[in-house]
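Heads up, the thing below is written out as structure tokens.
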Amino acid sequence: MATNTWTRHHVLSLADFTTDEYNTVLQTAASFSEVLSRRTKKVPTLQGQVVANLFFESSTRTRSSFELAAKRLSADTLNFTAATSSLTKGETILDTAKTYLALGTDMMVIRHREAGVPQAIAAEMDRLGVRVGVLNAGDGQHEHPSQALLDLFTICTLLNPQQPQVELLQGKKIAIVGDILHSRVARSNIWSLTASGAEVHLAAPPTLLPQMFADFGTDRLGNTFLHWQIEPALQNADFVMTLRLQKERMTQYLLPSLREYHQLFGITRDRLQLCKPNVKVLHPGPANRGVEISSDLMDDPQFSLIQAQVTSGVAVRMALLYLMGSGV
Ligand code: NCD
Numbered sequence: 001m002a003t004n005t006w007t008r009h010h011v012l013s014l015a016d017f018t019t020d021e022y023n024t025v026l027q028t029a030a031s032f033s034e035v036l037s038r039r040t041k042k043v044p045t046l047q048g049q050v051v052a053n054l055f056f057e058s059s060t061r062t063r064s065s066f067e068l069a070a071k072r073l074s075a076d077t078l079n080f081t082a083a084t085s086s087l088t089k090g091e092t093i094l095d096t097a098k099t100y101l102a103l104g105t106d107m108m109v110i111r112h113r114e115a116g117v118p119q120a121i122a123a124e125m126d127r128l129g130v131r132v133g134v135l136n137a138g139d140g141q142h143e144h145p146s147q148a149l150l151d152l153f154t155i156c157t158l159l160n161p162q163q164p165q166v167e168l169l170q171g172k173k174i175a176i177v178g179d180i181l182h183s184r185v186a187r188s189n190i191w192s193l194t195a196s197g198a199e200v201h202l203a204a205p206p207t208l209l210p211q212m213f214a215d216f217g218t219d220r221l222g223n224t225f226l227h228w229q230i231e232p233a234l235q236n237a238d239f240v241m242t243l244r245l246q247k248e249r250m251t252q253y254l255l256p257s258l259r260e261y262h263q264l265f266g267i268t269r270d271r272l273q274l275c276k277p278n279v280k281v282l283h284p285g286p287a288n289r290g291v292e293i294s295s296d297l298m299d300d301p302q303f304s305l306i307q308a309q310v311t312s313g314v315a316v317r318m319a320l321l322y323l324m325g326s327g328v
């Protein structure tokens with residue numbers, strides 16, 4: 001497996017990921033994907049190591065796929081749930097992390113509703129001089145690197161199953177539609193897709209797509225374009241990524257109604273006619289059926305990559321845990 005270019009001990013953001021690093025993740029994930037297709041789906045790579053999933057915020061697929069990824073690598077896993085932890089007795093997040101350190105944890109996978117928590121824990125581990133890798137599994141509205149990497153893997157393996165690599169995305173048009181303002185998935189994807197040379201077209205009502213997004217991805221290989229109507233974003237798109245309306249993060253009334261939002265920005269089979277004929281649709285999940293995407297489209301195997309994204313998540317997270325374990 002290609003690890004020679006890998007030096008990262010923590011994976012906190014994609015803002016400074018290099019093309020080599022993206023390709024190393026893609027190639028390593030492709031090898032693990034092959035392992036997962038075998039009868040015996042397990043390798044001894046992380047035997048004896050402890051991976052702790054510290055999820056301070058709800059999750060279904062990210063948490064389960066990190067747990068499965070760690071188990072497929074033969075690591076021991078610890079699962080922490082905020083609601084039933086000593087946090088409810090007043091323990092701080094850093095003290096929780098240090099407790100897991102004292103238990104012998106080698107890698108921490110962290111999700112928190114505030115931006116910056118995984119970075120703070122990584123800084124504390126470095127300050128303590130311990131070799132514990134920290135992986136950001138979603139921090140507030142900031143970043144969700146492993147989600148963007150699994151999206152990249154899903155797209156690149158579709159374009160070339162044998163050799164997924166970022167160069168396949170050069171000149172491809174990718175529309176990201178929905179609640180971009182609140183989306184850490186969109187932010188991480190903008191980094192990875194523009195670094196790959198794709199054209200990224202963002203579309204949302206102005207309340208969910210502020211002008212500041214124009215600055216993302218400048219001075220990269222690809223470009224970012226902003227649209228406050230959906231049609232120009234979908235026109236000739238190769239891939240459409242639709243995002244959940246994150247009602248739990250909305251502090252003001254940003255939309256007149258869900259029905260109007262669906263009429264103006266919902267992804268439907270009809271709307272896909274504007275795109276390339278073999279367009280594919282992604283959604284990180286969880287989805288609001290009938291709001292950002294029509295229910296029939298979600299389940300349509302001709303267009304939907306949603307299940308494939310979940311499956312990719314295990315191989316990509318195995319790759320990340322493996323690479324972080326091997327980094328200097
Ligand atoms: C996303 C998240 O939590 O950021 N989901 C995920 O990890 N698959 C997106 C969302 O919550 O809408």
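Residue numbers (this note's numbering): 1 to 328. Glycine included, each C-beta is placed from N, C-alpha and C at the ideal position.
Exercise. Which residues, in chain order, sit with a beta-carbon under 7 Å away from any heavy atom of the ligand NCD?
Worked result: Ser59, Arg61, Thr62, Gly138, His144, Gln147, Ser183, Arg184, Val185, Leu243, Arg244, Gln246, Pro284, Gly285 and Pro286
Problem set entry | Contact belief for glutamate 292 with glycine 178 at Cβ below 8 Å, rounded distance in angstroms | 5 Å
For this session: Measure the alpha-carbon distance for alanine 83 versus leucine 14 and round it to whole angstroms.
Result: 29 Å
Problem set entry | Reference proline 118; option with closest CA among Leu169, Val314 and Ala97 | Ala97
Problem set entry | Close Cβ partners of serine 64 (< 6 Å) along its chain, the five nearest in sequence each way excluded | none
Exercise. Quick one: what does DSSP say threonine 92 is sitting in, helix, strand or coil?
Worked result: coil
Exercise. What beta strand (DSSP E) runs, 3 residues minimum, are completely inside the segment 157-219?
Worked result: 173-177 and 199-203
For this session: Report yes if the CB atom of valine 50 is closer than 8 Å to the CB atom of leucine 103, and no otherwise.
Result: yes
Exercise. Just reading off the alpha helix (DSSP H) that histidine 332 is part of, what are its end residues?
Worked result: A query on residue 332 cannot be resolved here, the shown segment of the chain reaching from 1 to 328 and no further.
For this session: Please report the Cβ distance between threonine 242 and valine 281, rounded to the nearest whole angstrom; I am assuming they are in contact, meaning their Cβ atoms lie under 8 Å.
Result: 7 Å
For this session: Buried or exposed for glutamine 309, please, with buried defined as at least 16 other CB atoms from any protein chain shown within 10 angstroms of its CB.
Result: buried
Problem set entry | Within 8 Å, strictly: CB atoms of alanine 279 and phenylalanine 239 | The question names alanine, but residue 279 is valine in the sequence shown. Cβ atoms of valine 279 and phenylalanine 239: closer than 8 Å.
Exercise. Hey, is the segment 201-211 in contact with the segment 219-228, meaning 3+ C-beta pairs nearer than 8 Å?
Worked result: yes
Exercise. Would DSSP call aspartate 106 helix, strand or coil?
Worked result: coil
For this session: Mind listing, in chain order, the continuous beta strand (DSSP E) runs of no fewer than 3 residues lying wholly within the segment 233-301?
Result: 239-242 and 280-282
Exercise. Comparing alpha-carbon positions, which option in Gly129, Met108, Ala214 and Val35 lies nearest valine 316?
Worked result: Val35
For this session: Sort Asp76, Phe66 and Val132 by Cα distance to arginine 111 and report the nearest one.
Result: Phe66
For this session: Go ahead and pull the three-state DSSP assignment for aspartate 151.
Result: helix
Exercise. Going by beta carbon distance, what residues of the same chain come within less than 7 Å of glutamate 167, once the five residues before and after it are set aside?
Worked result: none
For this session: Rounded to whole angstroms, what's the CA-CA distance from leucine 323 to serine 59? Just pull it up for me.
Result: 24 Å
Problem set entry | Backbone secondary structure at phenylalanine 55 - three-state DSSP | strand
Exercise. Do the segment 156-173 and the segment 123-142 meet, that is, are 3 or more Cβ pairs less than 8 Å apart?
Worked result: no
Exercise. Based on Cα-Cα distance, which residue from Gly48, Ser188 and Arg8 lies nearest to alanine 75?
Worked result: Gly48
Problem set entry | Assigned secondary structure, valine 316 (DSSP; H/G/I helix, E/B strand, else coil) | helix
Exercise. Taking the continuous alpha helix (DSSP H) assigned at leucine 135, which residues delimit it?
Worked result: Run containing leucine 135: none in the alpha helix (DSSP H); it sits in the beta strand (DSSP E), 133-139.
Exercise. Any beta-carbon of chain B closer than 8 Å to the one on arginine 39?
Worked result: Absence of chain B from the displayed structure is noted, only one protein chain being present.
For this session: Let me know the beta strand (DSSP E) ranges lying completely inside the segment 11-88, each 3 residues or longer, listed in chain order.
Result: 50-55 and 76-81
Exercise. Between serine 31 and glutamine 235, what straight-line distance do the alpha-carbon atoms span, to the nearest angstrom?
Worked result: 35 Å
Exercise. For alanine 215, is the classification buried or exposed, using 16 other Cβ atoms within 10 angstroms of its Cβ as the cut-off for buried?
Worked result: The residue asked about is misnamed: residue 215 is aspartate in this sequence, not alanine. The residue in question, aspartate 215, is exposed, as its Cβ has fewer than 16 Cβ neighbours within 10 Å.
Exercise. Going by DSSP, which residues form a beta bridge with glutamate 143?
Worked result: Asp139
For this session: Have a look at the DSSP bridge pairing and note the partners of histidine 9.
Result: Note: histidine 9 sits in no beta bridge, so no partner.
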